[in-house]
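Novice:
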Amino acid sequence: MDLNSLRSPLAFLQSRLPEIPHRDILKSEEAWWKNEGVAISDAIDRAGTPWLRMFDRLGKRVDEILYPLEYQTILKRGYRAGVVWRALEEKSLIPTYLLMYAISYYDPGICCPYTVSLGTAVPLAKYGSAELQARFLPQLLRKDDSLWQGATWMTEIKGGSDLGAAVETIARPAGDRWLLTGEKYFTSNAGAELAVVAARPEGIAPGVRGLTLFLVPRYREDGALNYFVRRLKDKIATRSVPTGEVELKESEGYLLGSAESGIYLILEVLNLSRVANSVVSVAVAQRAMADALSYAQQRAAFGKPILNHPLLRHQFETRLNALRSAFALAWESVQLLNDVWMERAPYSDRYHLFRLVAHLAKYWTAEFAVDTAKWAMEVHGGLGVLAEYGVERWQREAMILAIWEGTSHRQILDGLEVMERKRAHELLFRRLAEIAPSKELQEMESEVEQHLKLPTEERETLAELLFRRLAIFTAETLARKSK
Ligand SMILES: Cc1cc2nc3c(=O)[nH]c(=O)nc-3n(C[C@H](O)[C@H](O)[C@H](O)COP(=O)(O)OP(=O)(O)OC[C@H]3O[C@@H](n4cnc5c(N)ncnc54)[C@H](O)[C@@H]3O)c2cc1C
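Residue numbers for the sequence shown follow this note's numbering, so the first one is 1244 and each next one is one higher.
1. From Leu1513, Arg1530 and Leu1256, pick the residue whose C-alpha is nearest to that of Gln1638; which is it?
2. Tell me which residue opens and which closes the beta strand (DSSP E) that Arg1296 is part of.
3. Tell me the start and end of each unbroken alpha helix (DSSP H) in the segment 1652–1721 that is at least 4 residues and wholly inside, in chain order.
4. Residues in the same chain with beta-carbon distance under 8 Å from Leu1406, minus the five sequence neighbours each way, listed in chain order, please.
5. Please confirm if the segment 1515–1534 is in contact with the segment 1611–1622, defined as three or more CB-CB distances below 8 Å between the two stretches.
6. What I want to know is whether the C-beta of Ala1364 ends up closer than 8 Å to one or more non-hydrogen atoms of ligand 1.
7. Once DSSP output is grouped into helix, strand and coil, what is the label at Gly1505?
8. DSSP puts Ser1494 in a beta bridge; with which residues?
9. Tell me, to the nearest whole angstrom, how far the beta carbon of Phe1710 is from that of Ile1655; I am working on the premise that it is less than 8 Å.
10. What would DSSP say about Phe1545, mapped onto helix, strand or coil?
11. Taking the Cβ atom as the reference point for each residue, do Val1365 and Glu1426 lie within a distance shorter than 9 Å?
12. Return the bridge partner residues of Trp1416 from the DSSP annotation.
13. Within the continuous alpha helix (DSSP H) that includes Glu1279, where are the two ends?
14. For Arg1259, would you say it is in contact with chain C, using Cβ-to-Cβ distances shorter than 9 Å as the test?
15. DSSP three-state call for Ala1588: helix, strand or coil?
16. Could you pull out every residue in the same chain whose Cβ sits closer than 6 Å to the Cβ of Pro1351, ignoring the five residues on either side in sequence?
17. Just to check, is the beta-carbon of Ile1353 closer than 8 Å to a non-hydrogen atom of ligand 1?
18. Between which two residues does the alpha helix (DSSP H) carrying Tyr1470 extend?
19. Quick one: Cα of Leu1550 to Cα of Gly1658, how far?
20. Would you tell me roughly how many angstroms separate the C-alpha atoms of Leu1563 and Leu1437, rounded to the nearest one?
21. How many Å lie between Ile1283 and Tyr1314 at the Cα?
22. Confirm, please, whether the CB-CB distance from Trp1618 to Gln1540 is below 9 Å.
Written out as structure tokens, the structure reads:
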């Protein structure tokens, strides 16, 4: 088996996809990252994390996020290449997620600002009033370095899994806008010019249905700060990205959609980022394998390179197959999202199918990335745990991918729900029927049906085993139809 496609994100994409739009752009991004970006990214991961200047010299609150200059170089490159603007201009998410794959092979963290900027631009383009769009959308889609960034802030101190119970930020109507007061506990891309923020309109009963999505600019209309950054967090990975805590104090916000439909908008934003997470997870796994490969070719033990020992060679080959399957699952979620991203509630069956595939993909690709990164460290032996050689970074990055955008538990339980309530597994099996061997398909179908008949408590207790089986089955089946 030829392992060489591991060494380049574009080569791997070419080995899996029949066509790649804007191949020339991916090629030049890859060349730039190899020659310049990698060194910048490594330096930032080690010693270049952003920091917060809260006050200016006269004591005025400014909450300025300061970065190494080179951070802007790697960040702005992806925006210029079209990671956000192409989605809306070309009305397709394919170029966006292809770019994210290529870039995150070199720096997974940098895809966080891209994802949250996309997660701001899309709901604004879909649900913002004409006036709001005219005022804010062009800045998010600029093709030069003056562009604005977005952010997506839902999580509060009481937790991110159960947003219905945990979001305590209140929104009060005030003429043509709303005033938001509350605290957001995990705010990636803090300092962004615009954020979409989950809040509860005053007087609305608790629960997930009462949540609403607002567009919150960094500055108020009179030019004063509109939200405050209390601190930045010291994280194990995505270290180039400022993730902070944000205070909203009567902050000006603009309603997106209607107050009643807020939860759908919030979930649509999450869909964009869960799919991004899946794509990035596969790229991280590929990168960890590539680093392991180059080491295994050079390191000798028992008279030959360790790669040439049958056990390790076999591990590389089976893991490359698993990587291809994980990619097929992630890419299925991209293609389905690309079909349904402009839908509004009530959604089509295809949308429910997408939701199931997205939960499977977010869950399985992140688990696979964590496991692959651990394995890549093992291939390096003792050197694997040394910070100076960098392979341990993929383990740190992969751990974050498994937690944010909803942990693996959340994906399993939400995936179960869409099967119970929308029968999404039937749509999935219909889609897989052309490719899967019929006996295996029947067995999988009956396993899912048996599981859904279990009493509630048992259904949840045993859900992980079923979900893992379904994810791997779907991934392996889809991989058969790839080139
Ligand atoms: C680096 C980083 C950046 C982030 N950036 C952002 C951001 O920009 N915007 C934003 O909104 N959020 C952000 N988050 C927050 C992230 O989305 C949450 O951490 C995540 O959703 C989980 O929420 P939590 O940490 O509050 O865990 P909790 O919700 O408190 O959950 C704790 C544990 O309990 C498990 N659990 C919960 N319910 C169940 C259940 N029913 N059954 C079984 N297990 C359960 C969870 O899976 C988890 O393992 C970020 C997080 C990180 C790490």
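Backbone N, C-alpha and C fix where the C-beta goes; we use that ideal spot for every residue, glycine too.
Specialist: On the basis of the data shown:
1. Taking the first residue of the sequence shown as 1, we reach residue 1638 at position 395. Measuring from the Cα of Gln1638, the nearest candidate turns out to be Arg1530.
2. Walking along the sequence shown from the start, residue 1296 turns up at place 53. Run containing Arg1296: Trp1294 to Phe1298, per the beta strand (DSSP E) assignment.
3. With a minimum length of 4 residues, the continuous alpha helix (DSSP H) runs that stay inside the segment 1652–1721 are 1667–1675, 1681–1695 and 1699–1704.
4. For the purposes of this step, residue 1406 is taken as residue 163 along the sequence shown, with counting starting at 1. The beta carbon of Leu1406 is closer than 8 Å to those of Met1397, Thr1398, Ala1441, Val1451, Leu1454 and Ile1509 in its chain, skipping five residues each way along the sequence.
5. With a cut-off of 8 Å, the segment 1611–1622 and the segment 1515–1534 count as touching, because enough Cβ pairs lie within range.
6. For this step, residue 1364 is matched to residue 121 along the sequence shown. No, since every heavy atom of ligand 1 falls outside the 8 Å radius drawn around the Cβ of Ala1364.
7. For the purposes of this step, residue 1505 is identified with residue 262 of the sequence shown, where counting begins at 1. In the structure shown, the three-state DSSP call for Gly1505 is helix.
8. Taking the sequence shown and counting its residues from 1, the one referred to as residue 1494 is at position 251. Paired residue(s): Leu1423.
9. As a position in the sequence shown, residue 1710 is number 467, starting the count at 1. As a position in the sequence shown, residue 1655 is number 412, starting the count at 1. Yes, they are in contact, since the Cβ atoms of Phe1710 and Ile1655 sit about 5 Å apart, within 8 Å.
10. Taking the sequence shown and counting its residues from 1, one reaches residue 1545 at position 302. Here Phe1545 sits in coil by DSSP.
11. Position 122 of the sequence shown, counted from the start, is the residue given in the question as residue 1365. Position 183 of the sequence shown, counted from the start, is the residue given in the question as residue 1426. Not closer than 9 Å, so no.
12. As a position in the sequence shown, residue 1416 is number 173, starting the count at 1. A small fix is needed here, since residue 1416 is Pro in this sequence, not Trp. Within the DSSP bridge table, the entry for Pro1416 names Trp1421 as partners.
13. Residue 1279 sits at position 36 when you count from the first residue of the sequence shown. Per DSSP, Glu1279 belongs to no alpha helix (DSSP H) and is neither H nor E.
14. Absent from the structure: chain C. Only one protein chain is present.
15. Position 345 of the sequence shown holds residue 1588. If DSSP states are grouped into helix, strand and coil, Ala1588 belongs with coil.
16. Your numbering for residue 1351 matches position 108 in the sequence shown. Its chain contains Val1523, Val1527 and Glu1640 as the residues whose beta carbon lies nearer than 6 Å to that of Pro1351, once the 5 sequence neighbours on both sides are disregarded; these appear in chain order.
17. Sequence index remark: in the sequence shown, residue 1353 carries index 110 (1-based). Ile1353 has its CB no nearer than 8 Å to any heavy atom of ligand 1.
18. Taking the first residue of the sequence shown as 1, we reach residue 1470 at position 227. Where Tyr1470 is concerned, there is no enclosing alpha helix (DSSP H), although the beta strand (DSSP E) it sits in stretches over Tyr1470 to Leu1475.
19. One-based indexing of the sequence shown puts residue 1550 at position 307. One-based indexing of the sequence shown puts residue 1658 at position 415. Separation of Leu1550 and Gly1658 (C-alpha to C-alpha, rounded to the nearest whole angstrom) is 39 Å.
20. For the purposes of this step, residue 1563 is taken as residue 320 along the sequence shown, with counting starting at 1. For the purposes of this step, residue 1437 is taken as residue 194 along the sequence shown, with counting starting at 1. Roughly 40 Å separates the two Cα atoms.
21. On the sequence shown, residue 1283 is found 40 positions in, with the first residue counted as 1. On the sequence shown, residue 1314 is found 71 positions in, with the first residue counted as 1. If you take the alpha carbons of Ile1283 and Tyr1314, they lie about 7 Å apart.
22. Walking along the sequence shown from the start, residue 1540 turns up at place 297. Walking along the sequence shown from the start, residue 1618 turns up at place 375. It is not a contact, given that the beta carbons lie outside the stated cut-off.
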